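S.K.: According to the UniProt record's numbering, the stretch in the sequence shown is residues 409 to 688, in order. Think of the CB as a built atom: it goes at the ideal place given N, C-alpha and C, for glycine as much as any other residue. The structure presented is a predicted model; accordingly, all values stated were derived computationally and were not measured. Please find one structure pasted underneath; my questions will follow.
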Amino acid sequence: AKRGGRGTYRFFDWSMNQAATRILKIQQGLHEATTHGWFKLHYQPKFSADGRRLQGAEALLRYTHPELGVISPQEFIGIAERSGLIVQIGEWVVREACRQLRSWQLQNIGPLKLAINLSPRQLIQPDLLQGVLAIVKQEAVEPAWLMFEITETVAMQDAAHTVETIHAFQQAGFDVAIDDFGTGYSSLAYLQRFRVRQLKIDGFFTQGLDAAGEEGEAIVSAIIALAHSLGMDVVAEGVETATQLEKLKSLQCDQIQGFLLGRPMPAEAFAEKIEGWLAV
Ligand code: C2E
Ligand code: CA
Ligand code: CA
Ligand code: CA
């Protein structure tokens, strides 16, 4: 197996080295990102299924590295997760989201339900809820203004623990959503016990609505019926076309999120648009 020419080896070593160096740089930057202002939150609107009424927003983290430029969450969230840095970063996200909500409230913008993503590593912190409550109190916002999104795969990893965590958050007045639904394996028994406010259908299924056949619609329709029977609202993610929007509306989907109606955007841009959205 070691027959490759020297050039092959060199290239292999060199590219491995490149990748490792990039990961290291990203990780080092993550340590300093909060102090240097390299993080920013963007906000993506969630609308009613007719596409008109604003129902809330999701906070999405953005990271600009001083040397490497903009790094996608796809790349840096994993690195933050594996290094454990996500715990501190997650705290920064909660605080920043609360400050933004407070600032909007003072400007008479809203009230707005803001969703924050929680990663696996955060979810296993025994003092997660305490930490969140402390921040909420310090920043003078109400738990009812916040929602926490937990991905289906993570929720199911330790479903019994997830049930407890969800209930504790709900007891404290927060809403909870199951994110990326349909991409993992859900036990129906646990889905029932989660009793969350929202089920977010992964964009993969939304995109399936553009296809000519009826399979795509059948799946989305089944997920919506299941969620409704369990008392959950359904949010379709990744809505990009008018066809998807029409079908989701006719399938009784509750909310939609996607580039068609609004991309994630900085707080200032969001605030400019929000008056128009709320006025409808
Ligand atoms: P997610 O929670 O599923 O977020 C939705 C992703 O889909 C976002 O990508 C959003 O920009 C993108 N999106 C929204 N509408 C559309 C659309 O119409 N079409 C397409 N193709 N994409 C759309 P983003 O911002 O790159 O974030 C990727 C993932 O990174 C998120 O997936 C979430 O899992 C994670 N993430 C982002 N911010 C945070 C954070 O603050 N904390 C944690 N733990 N994870 C985060
Ligand atoms: Ca999410
Ligand atoms: Ca999602
Ligand atoms: Ca996702």
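Between the region 480-498 and the region 520-534, can you find at least three pairs of beta-carbon atoms closer than 8 Å?
M.R.: Contact between the region 520-534 and the region 480-498 is present, because at least three Cβ pairs lie under 8 Å.
S.K.: If you follow the beta strand (DSSP E) that residue 555 is in, where does it begin and where does it stop?
M.R.: Taking the sequence shown and counting its residues from 1, the one referred to as residue 555 is at position 147. 554-559 is the span of the beta strand (DSSP E), which, as asked, contains residue 555.
S.K.: Using 7 Å as the threshold, is the C-beta distance between residue 627 and residue 642 below it?
M.R.: For the purposes of this step, residue 627 is taken as the residue at position 219 of the sequence shown. For the purposes of this step, residue 642 is taken as the residue at position 234 of the sequence shown. Their beta carbons are not under 7 Å apart, which means residue 627 does not touch residue 642 by this criterion.
S.K.: Is the number of C-beta pairs between the region 562-575 and the region 513-522 that are closer than 8 Å three or more?
M.R.: Because the criterion of three Cβ pairs below 8 Å is not met, the region 562-575 and the region 513-522 do not touch.
S.K.: Using 8 Å as the threshold, is the region 421-441 in touch with the region 471-483, meaning 3 or more CB pairs across them?
M.R.: Short answer: they touch.
S.K.: What is the DSSP secondary structure of residue 526, counted as helix, strand or coil?
M.R.: Here the question's residue 526 lines up with position 118 in the sequence shown. Residue 526: strand per DSSP, three-state reduction.
S.K.: So is residue 594 buried or exposed if we call it buried at 16+ other beta carbons inside 10 Å?
M.R.: Mapped onto the sequence shown, residue 594 falls at position 186. When all chains shown are included, residue 594 counts as buried.
S.K.: Alpha carbons only, please: which of 657, 679, 684 is nearest the one belonging to residue 450?
M.R.: In the sequence shown, the residue the question calls residue 450 occupies position 42. Nearest option by C-alpha distance: 679.
S.K.: Would you kindly work out how many angstroms separate the C-alpha atoms of residue 685 and residue 665, rounded to a whole number?
M.R.: As a working note, residue 685 is residue 277 in the sequence shown. As a working note, residue 665 is residue 257 in the sequence shown. Distance between the alpha carbons of residue 685 and residue 665 is about 14 Å.
S.K.: Is residue 557 a contact residue of ligand 2, with contact defined as CB to any heavy atom under 6 Å?
M.R.: Position 149 of the sequence shown, counting from 1, holds the residue named residue 557. Within the cutoff, so yes.
S.K.: Do you know offhand how far residue 445's Cα is from residue 472's?
M.R.: Here residue 445 refers to the residue found at position 37 when the sequence shown is read from its first residue. Here residue 472 refers to the residue found at position 64 when the sequence shown is read from its first residue. Roughly 9 Å separates the two Cα atoms.
S.K.: Could you tell me the distance, in whole angstroms, from the CA atom of residue 425 to the CA atom of residue 592?
M.R.: Here residue 425 is taken as the residue at index 17 of the sequence shown, counted from 1. Here residue 592 is taken as the residue at index 184 of the sequence shown, counted from 1. If I take the Cα positions, the gap works out to 33 Å.
S.K.: Give me whichever residues DSSP pairs with residue 464 in a beta bridge.
M.R.: In the sequence shown, residue 464 corresponds to position 56, counting from 1. Its beta-bridge partners are 454.
S.K.: DSSP on residue 668, reduced to helix/strand/coil?
M.R.: Looking up residue 668 in the sequence shown gives position 260. It is coil, neither helix nor strand.
S.K.: Just the residues with CB closer than 5 Å to a heavy atom of ligand 1, in chain order, which are they?
M.R.: Ordered along the chain, the selected set is 468, 469, 481, 485, 501, 525, 527, 646, 648, 666, 667, 672.
S.K.: So the alpha helix (DSSP H) residue 652 belongs to, where does it begin and stop?
M.R.: By 1-based counting over the sequence shown, the position of residue 652 is 244. Counting along the chain, the alpha helix (DSSP H) containing residue 652 begins and ends at 650-658.
S.K.: Tell me which residue opens and which closes the alpha helix (DSSP H) that residue 574 is part of.
M.R.: Position 166 of the sequence shown, counted from the start, is the residue given in the question as residue 574. Looking at the DSSP string, the run of the alpha helix (DSSP H) that includes residue 574 is 567-579.
S.K.: For residue 638, which residues from the same chain have a beta carbon less than 7 Å from its beta carbon, with the 5 sequence-adjacent residues on both sides left out?
M.R.: Mapped onto the sequence shown, residue 638 falls at position 230. Around residue 638: 599, 600.
S.K.: In this structure, how does DSSP classify residue 673 when only helix, strand and coil are distinguished?
M.R.: Taking the first residue of the sequence shown as position 1, residue 673 is located at position 265. Strand at residue 673.
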